[in-house]
Every structure is written in C-alpha cells, then in structure tokens.
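>
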Amino acid sequence: MIAERVEWLMNHDMDLLLSYLYRLDIKEDDINRVLMPSELDAPHMGLAKLILLRQKQRMETKKKYKVKPIEGWEF
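Be aware that the sequence shown starts at 1437, since it is given in the working numbering, and climbs by one per residue.
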C-alpha cells in the first residue's frame, strides 16, 4: 500500500513526495541511495522501505521517552 502510493507520487507529484520524506526526517543520503539505478529494489519499493523503517524508529523513540501526563491538567 505504501509502495503503491510512493509510486503514484513519483509519477505525478515528486515534489510532494520529497516534502513528505523531508517531514518524516528520512536522510537525503538514504533517499539518493535507493534511487540509484544499481539498487536491487525498484525506487518506489526502496522509498517505501525507508518510510517503514523511519516510522518504526519514531515509534521506538516515543516509547523510550514516554512522558507522564502533567498532574492538574485534567478537564
């Protein structure tokens, strides 16, 4: 599903795709690497894998640094 969306964006709105990748904080070097013709995976598959990897990293970071709710802020 992610790969399909990435492929569509690559064909129709590459600027928007790059904006999404930037907001997800995916390293430019990694993006360039998966877009190289020498890569085994198709470009959209490589980008989809980077997105999944980054989302997993974000979830792990949130879990690791979970903040307790502030007392007295209940409504």
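Positions of the beta carbon are idealized from the N, C-alpha and C atoms, including for glycine.
What you are looking at is a predicted structure, and each value in this text was computed from that prediction instead of being measured.
1. Rounded to whole angstroms, how far is the Cβ of L1486 from the Cβ of P1479, which I believe are closer than 8 Å?
2. Which of the three DSSP states is assigned to G1482 in this structure?
3. So for L1454, helix, strand or coil by DSSP?
4. Whole angstroms are fine: how far does the CA of K1502 sit from the CA of D1465?
5. Determine the DSSP secondary structure at V1470, reduced to helix, strand or coil.
6. Below 6 Å CB to CB, which residues in the same chain sit around A1484 once its five sequence neighbours on both sides are set aside?
7. Can you tell me whether G1482 is buried or exposed? The criterion is at least 16 other CB atoms within 10 Å of its CB, across all chains shown.
Inspection of the coordinates gives the following:
1. Contact check for L1486 and P1479: beta-carbon distance about 11 Å, past the 8 Å limit, so the pair fails to qualify.
2. Residue state for G1482 is assigned as helix, using DSSP reduced to three classes.
3. Helix at L1454.
4. Between D1465 and K1502, the C-alpha separation is close to 29 Å.
5. In this structure, V1470 counts as helix in the three-state DSSP scheme.
6. Listed in chain order, the non-local C-beta contacts of A1484 below 6 Å within the same chain comprise I1438, A1439, V1442, local neighbours out to five positions each way being set aside.
7. When all chains shown are included, G1482 counts as buried.
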